[in-house]
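Only one structure is covered here, and it is reproduced in the block below.
Residue numbers (this note's numbering): 2 to 333.
Written out as structure tokens, the structure is:
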């Protein structure tokens, strides 16, 4: 099965390796072999996101190949050989299907789940990656690789609207205009809500201005003015700002993941009857359909392309304040 694309079983995998909060490029890893029901995917592109940066800081004790935003091509599918050649993106949560959460229709909270490039499963910063066939969604021809790479983060942005209703005339504040914040803002434009975004950097404000989205350069916590506040700063200070911005009876949506604890005045949340919503992953199919309609253009966020060998330069770029999307160009 390995002769596809000139890959031989004796070959080694080239990938980015994370261990002890250190990233290195490796060219001596064993090639992954798909398990029962899985496919082998040749990765074309993979994107660096905020979670990858937090993993490097120790957000979760992961060792292995990181990366969960990708587009690739199925090159091996023992159970469904007819899918070989499909260009795909992948749902990152792999569930068992039999635990109480799975049986209750909550597979993203499977008690035995693995998560691509985050928890007990090697990720997509590599030439090849394995995922269950059920996790792989075909990319329409009208969607470029550059656009498809945003399917997973856009799904996370759309998850907010699945969890809470957002419409006119609600006042909505997005804290953070980075990689995820930009996609959240783009996805909210069509709801008719009164949308404002805190964007500290000129390049972020320029993109938002093109969509006629109101920008705030800095936000100082004050008396609550907003019905809904979406915290996507990636900083522990973001929660403090969100708490100050939300009105009594309003809702705070938390999208950031970071190591460490946050000091929370729970009494004020009780007194003001503030609803707190944790928001993580979303389904990829709706996000991919939205990209295909071209109602939004995520490709404007791409700022840099690097090879896997240039992992240090890629992550240094991604860490710069105000940087949007940096991707690994792995194959054509």
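Ideal Cβ placement from N, Cα and C applies to all residues, glycine included.
To which residues of the same chain is residue i closer than 8 Å at the C-beta, ignoring the five residues directly before and after it?
i: residue 100; result: 111, 112 and 113
i: residue 300; result: 145, 147, 148 and 151
i: residue 51; result: 179, 180, 181, 235, 257 and 258
By the 10 Å Cβ neighbour count, where 16 or more other Cβ atoms means buried, how is residue i classified, buried or exposed?
i: residue 13; result: exposed
i: residue 25; result: exposed
i: residue 188; result: buried
i: residue 153; result: buried
i: residue 107; result: exposed
i: residue 58; result: exposed
i: residue 307; result: buried
i: residue 209; result: buried
i: residue 23; result: exposed
i: residue 42; result: buried
i: residue 211; result: exposed
i: residue 1; result: The first residue shown for the chain is 2 and the last is 333, placing residue 1 beyond what the model contains.
i: residue 136; result: buried
i: residue 176; result: buried
i: residue 290; result: exposed
i: residue 232; result: buried
i: residue 33; result: buried
Which residue or residues does DSSP assign as beta-bridge partners of residue i?
i: residue 47; result: 71 and 329
i: residue 31; result: 13
i: residue 40; result: 132
i: residue 277; result: 253
i: residue 305; result: 327
i: residue 229; result: 173 and 252
i: residue 60; result: DSSP lists no partner for residue 60.
i: residue 23; result: 20
i: residue 247; result: 227
i: residue 65; result: 19
Identify, in the order they occur along the chain, each residue of the same chain with its Cβ nearer than 6 Å to the Cβ of residue i, setting aside the five sequence neighbours on each side.
i: residue 206; result: 200 and 216
i: residue 4; result: The predicted model places residue 4 with a pLDDT of 41, which falls under 50 and marks its position as unreliable; any figure quoted below should be read in that light. Same-chain partners within the cutoff: there are none.
i: residue 93; result: 69, 116 and 117
i: residue 88; result: 74 and 140
i: residue 305; result: 318 and 327
i: residue 295; result: none
i: residue 91; result: 132, 136 and 137
With a CB to CB cut of under 7 Å and the five nearest residues on each side skipped, what residues in its chain are close to residue i?
i: residue 46; result: 71, 72, 146, 150, 328, 329, 330 and 331
i: residue 309; result: 15, 16, 17, 26, 126, 329 and 331
i: residue 311; result: none
i: residue 282; result: 93, 94, 109, 156, 157 and 160
i: residue 122; result: 95, 115 and 116
i: residue 78; result: 40, 84, 85 and 134
i: residue 303; result: 147, 326 and 328
i: residue 193; result: 168 and 169
i: residue 66; result: 16, 17, 18, 118, 123, 124, 126 and 127
i: residue 61; result: 119 and 120
i: residue 104; result: none
*asked:* For a minimum of 3 consecutive residues, which ranges assigned as the beta strand (DSSP E) are wholly contained in the segment 181 to 227?
replied: As for any beta strand (DSSP E) of minimum length 3 sitting wholly inside the segment 181 to 227, the runs are 195 to 199 and 215 to 217, ordered along the chain.
_Ranges of the beta strand (DSSP E) found wholly within the segment 89 to 160, counting only runs of at least 3_ = For the segment 89 to 160, whole beta strand (DSSP E) runs of length 3 or above, ordered along the chain, are 129 to 133 and 137 to 139.
*Specify whether the segment 311 to 321 and the segment 155 to 174 touch according to this definition: at least 3 beta carbon pairs, one from each stretch, less than 8 Å apart.*
As far as the Cβ criterion goes, the segment 311 to 321 does not touch the segment 155 to 174, which means the pair count is below three.
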